[in-house]
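*Asks:* Below is one structure. I have some questions about it.
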Amino acid sequence: MPSIRVALAGATGNIGAPILEALLGSDFNVTALSRIGGNSSKLKPHPNLVIKEVDFSSIESLTPALMGVQVVVSCVATMAMGDQNPLIDAAAAAGVKRFIPAEFGIDSQNPLCMQLPIVGVSKVKTQQRLREKSRSDPGFTYTAIANGLFLDWCLEETIILDIPKHTATLYNGGDVKFSASLLSDIAKAVLGVIAHQDETANRVVYIHSALITQNQLIRYAKEQDGREWDTIVKDTEELRQESLAAQAEGSKGGMEAAALGFSLCGMFNSDYGCDFSSHLDNKLLGIKELNEDELRKLVGSFL
Ligand SMILES: NC(=O)c1ccc[n+]([C@@H]2O[C@H](COP(=O)([O-])OP(=O)(O)OC[C@H]3O[C@@H](n4cnc5c(N)ncnc54)[C@H](OP(=O)(O)O)[C@@H]3O)[C@@H](O)[C@H]2O)c1
Numbered sequence: 000m001p002s003i004r005v006a007l008a009g010a011t012g013n014i015g016a017p018i019l020e021a022l023l024g025s026d027f028n029v030t031a032l033s034r035i036g037g038n039s040s041k042l043k044p045h046p047n048l049v050i051k052e053v054d055f056s057s058i059e060s061l062t063p064a065l066m067g068v069q070v071v072v073s074c075v076a077t078m079a080m081g082d083q084n085p086l087i088d089a090a091a092a093a094g095v096k097r098f099i100p101a102e103f104g105i106d107s108q109n110p111l112c113m114q115l116p117i118v119g120v121s122k123v124k125t126q127q128r129l130r131e132k133s134r135s136d137p138g139f140t141y142t143a144i145a146n147g148l149f150l151d152w153c154l155e156e157t158i159i160l161d162i163p164k165h166t167a168t169l170y171n172g173g174d175v176k177f178s179a180s181l182l183s184d185i186a187k188a189v190l191g192v193i194a195h196q197d198e199t200a201n202r203v204v205y206i207h208s209a210l211i212t213q214n215q216l217i218r219y220a221k222e223q224d225g226r227e228w229d230t231i232v233k234d235t236e237e238l239r240q241e242s243l244a245a246q247a248e249g250s251k252g253g254m255e256a257a258a259l260g261f262s263l264c265g266m267f268n269s270d271y272g273c274d275f276s277s278h279l280d281n282k283l284l285g286i287k288e289l290n291e292d293e294l295r296k297l298v299g300s301f302l
């Protein structure tokens, strides 16, 4: 679909970068929307890439940058997820057909996830605005992507296991089955949504690269190097309470720690819908699940 122009906000970020690569690799024309004075200098020039610095709080700044754009993909940082309304309003005003909001994680339709401050509340608020816009203008549609945990990124960042050090915090015991996705599969899902706009209109799509447990990943590591692990167990309800306290403290660091804590509560508790296997859109969006050997190799790549 080379004639389609996609605007990508947060193209310089953890998930924005692989999505940008996938879009350019599929010959889309891309407009990267970057904050004024933000990270745009990190973007490599490409013949199909236009970079526009914008004020994300201003519809007047955003609307002209979105003229001629058919699809907006928002990959803005977690702490900016609650501020997507001007981007949504500008997209609708510019005649954008599909808006993919910054979500890319836990199940934003699960009643408990919806109550998680920062992550859940921002997603609910954003979807509310998207629904309002699509009701008043049926040509404007949205798709939110729920992919569970960023699998390779969370291993790299030692968020769910520290494989090199053989240490881990096992949430709710470490045997909770959770959905997780490779960044490359999330990028593939974005391409899939653009290719299947009718089937994905005005809903959340669910994907995962694998349904796994923390203990399963540790087993794969042990099989390869035989070393013992140093682990502690943590209840995610305790983590939720700590995150509420960090949020109340109000500093930037506290808010970021709280956002991570709330995300982990949604990722490692089946009541929060962290197992997507009964309602996956993998087939529609062209996502193949990893087999045991591929998962073993992934873990091995961090040993
Ligand atoms: N499921 C998971 O495990 C998981 C993990 C991480 C993130 N996520 C989700 O993925 C989405 C994107 O997160 P990310 O980690 O890829 O984002 P990120 O790397 O932290 O930031 C992405 C980009 O957002 C832009 N930005 C806009 N407003 C910002 C602000 N107030 N502060 C900092 N940057 C801002 C920046 O780009 P410019 O400077 O170019 O404007 C930045 O490079 C979010 O919805 C997040 O919740 C999910």
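Residue numbering for the sequence shown follows numbering that gives the first Met the number 0, starting at 0 and increasing by one per position.
We put the CB at the ideal spot given by N, CA and C, even for glycine.
On a Cα-Cα basis, can you pick out the residue from Phe149, Asp274, Lys122, Met66 that is closest to Asp184?
*Replies:* Here residue 184 refers to the residue found at position 185 of the sequence shown. Out of Phe149, Asp274, Lys122, Met66, Phe149 has the C-alpha closest to the C-alpha of Asp184.
*Asks:* Within 6 angstroms: the Cβ of Ser25 and any heavy atom of ligand 2?
*Replies:* Looking for ligand 2 in the displayed structure turns up nothing; the ligands present are ligand 1.
*Asks:* I'd like the list of long-range same chain contacts for Ala167, defined as Cβ closer than 7 angstroms, with 5 residues on each side in sequence excluded.
*Replies:* Locating residue 167 in the sequence shown gives position 168, counting from the first residue. Contacts found: Leu160, Asp161, Gln213, Ile217, Trp228, Thr230.
*Asks:* Quick check on Ile35: buried or exposed, where buried means 16 or more other Cβ atoms within 10 Å of its Cβ?
*Replies:* Position 36 of the sequence shown, counted from the start, is the residue given in the question as residue 35. Classification of Ile35: exposed, given that the 10 Å Cβ count is below 16.
*Asks:* Any chance the CB of Phe275 is under 6 angstroms from a heavy atom of ligand 1?
*Replies:* Along the sequence shown, read from residue 1 onward, the residue named residue 275 stands at position 276. No, ligand 1 has no heavy atom inside 6 angstroms of this Cβ.
*Asks:* Within the present structure, is the beta-carbon of Asn171 separated from the nearest heavy atom of ligand 1 by less than 6 angstroms?
*Replies:* Here residue 171 corresponds to residue number 172 of the sequence shown, with the count starting at 1. No, Cβ of Asn171 sits at least 6 angstroms from all heavy atoms of ligand 1.
*Asks:* Nearer than 6 angstroms: is that true of the beta carbon of Leu148 relative to any heavy atom of ligand 1?
*Replies:* Here the question's residue 148 lines up with position 149 in the sequence shown. Yes, since a heavy atom of ligand 1 falls inside the 6 angstroms radius drawn around the Cβ of Leu148.
*Asks:* Using beta-carbon positions only, say whether Tyr219 and Asn109 come within less than 7 angstroms of one another.
*Replies:* On the sequence shown, position 220 is the one that residue 219 refers to. On the sequence shown, position 110 is the one that residue 109 refers to. Their beta carbons are not under 7 angstroms apart, which means Tyr219 does not touch Asn109 by this criterion.
*Asks:* Only counting runs of 4 or more residues, tell me where the alpha helix (DSSP H) segments fall wholly within the segment 216 to 289, in order along the chain.
*Replies:* 235 to 248, 251 to 266, 281 to 284
*Asks:* Could you give the distance in angstroms between the alpha-carbon of Val68 and the alpha-carbon of Ala8?
*Replies:* Sequence index remark: in the sequence shown, residue 68 carries index 69 (1-based). Sequence index remark: in the sequence shown, residue 8 carries index 9 (1-based). Rounded to the nearest angstrom, the two C-alpha atoms are 13 angstroms apart.
*Asks:* Could you give the residue range of the beta strand (DSSP E) that holds Glu52?
*Replies:* In the sequence shown, the residue the question calls residue 52 occupies position 53. Here the beta strand (DSSP E) through Glu52 covers 48 to 53.
*Asks:* Just to confirm the assignment, what range does the alpha helix (DSSP H) spanning Leu294 have?
*Replies:* Stepping through the sequence shown from its first residue, residue 294 is reached at position 295. Per DSSP, Leu294 belongs to the alpha helix (DSSP H) from 291 to 299.
*Asks:* Could you check the C-alpha separation between Asn84 and Lys233 for me, to the nearest Å?
*Replies:* In the sequence shown, the residue the question calls residue 84 occupies position 85. In the sequence shown, the residue the question calls residue 233 occupies position 234. Approximately 36 angstroms, taken between the alpha carbons.
*Asks:* From which residue to which residue does the alpha helix (DSSP H) around Thr125 run?
*Replies:* In the sequence shown, counting from the first residue as 1, residue 125 sits at position 126. Its alpha helix (DSSP H) spans residues 118 to 135.
*Asks:* Alpha carbon to alpha carbon, how far is Ala245 from Gly253? Give it in angstroms, no decimals.
*Replies:* For this step, residue 253 is matched to residue 254 along the sequence shown. For this step, residue 245 is matched to residue 246 along the sequence shown. Their backbone Cα atoms lie some 5 angstroms apart in a straight line.
*Asks:* Express the C-alpha separation of Gly94 and Pro137 in angstroms, rounding to a whole number.
*Replies:* Position 138 of the sequence shown, counting from 1, holds the residue named residue 137. Position 95 of the sequence shown, counting from 1, holds the residue named residue 94. Straight-line Cα distance between these residues: approximately 11 angstroms.
*Asks:* So, at 7 angstroms on beta carbons, what are the nonlocal neighbours of His45 in its own chain, with the 5 sequence-adjacent residues on each side left out?
*Replies:* Here residue 45 is taken as the residue at index 46 of the sequence shown, counted from 1. So the qualifying residues of the chain are Leu23.
*Asks:* Measuring only from the beta carbon, is Thr235 closer than 6 angstroms to any heavy atom that is part of ligand 1?
*Replies:* Within the sequence shown, the letter at position 236 stands for residue 235. No, the Cβ of Thr235 stays beyond 6 angstroms of every heavy atom of ligand 1.
*Asks:* Who are the near neighbours of Val192 in its chain, counting only those whose CB is closer than 8 angstroms to its CB and skipping five residues on each side?
*Replies:* Counting from 1 along the sequence shown, the entry for residue 192 is found at position 193. Result list for Val192: Arg97, Ile99, Thr142, Ile144, Thr199, Val204, Leu284, in chain order.
*Asks:* Count the other CB atoms, across all protein chains shown, that sit within 10 Å of the CB of Arg128; report buried if there are 16 or more and exposed otherwise.
*Replies:* In the sequence shown, the residue the question calls residue 128 occupies position 129. Classification for Arg128: buried.
*Asks:* Taking just the CA atoms, how far does Ala6 sit from Phe70?
*Replies:* Position 71 of the sequence shown, counted from the first residue, corresponds to residue 70. Position 7 of the sequence shown, counted from the first residue, corresponds to residue 6. The sequence given here places Val at residue 70; Phe does not occur at that position. Looking at the two C-alpha atoms, the distance is approximately 6 angstroms.
*Asks:* Nearest CA to the CA of Leu303: which residue from Gly172, Gly265, Val175, Ala179?
*Replies:* Look at the range of the chain in this structure, 0 to 302, and you will see that residue 303 is not part of it.
*Asks:* Can you say whether Met266 is buried or exposed, counting buried as having 16 or more other CB atoms within 10 angstroms of its CB?
*Replies:* Here residue 266 refers to the residue found at position 267 of the sequence shown. Met266 comes out buried.
*Asks:* Distance, Cα to Cα, Phe301 vs Ala16?
*Replies:* Here residue 301 is taken as the residue at index 302 of the sequence shown, counted from 1. Here residue 16 is taken as the residue at index 17 of the sequence shown, counted from 1. One C-alpha to the other measures close to 21 angstroms.
*Asks:* Could you check the C-alpha separation between Ser4 and Leu169 for me, to the nearest Å?
*Replies:* Within the sequence shown, residue 4 is the residue found at index 5, counting from 1. Within the sequence shown, residue 169 is the residue found at index 170, counting from 1. In the sequence on display, residue 4 carries Arg and not Ser. For Arg4 and Leu169, the distance between alpha carbons rounds to 43 angstroms.
*Asks:* For my contact list, Leu48 and Val29 are in at a C-beta cut-off of 8 angstroms; report their separation, rounded to the angstrom.
*Replies:* Counting from 1 along the sequence shown, the entry for residue 48 is found at position 49. Counting from 1 along the sequence shown, the entry for residue 29 is found at position 30. Right, the Cβ-Cβ distance comes to about 5 angstroms (below 8 angstroms), so this counts as a contact.
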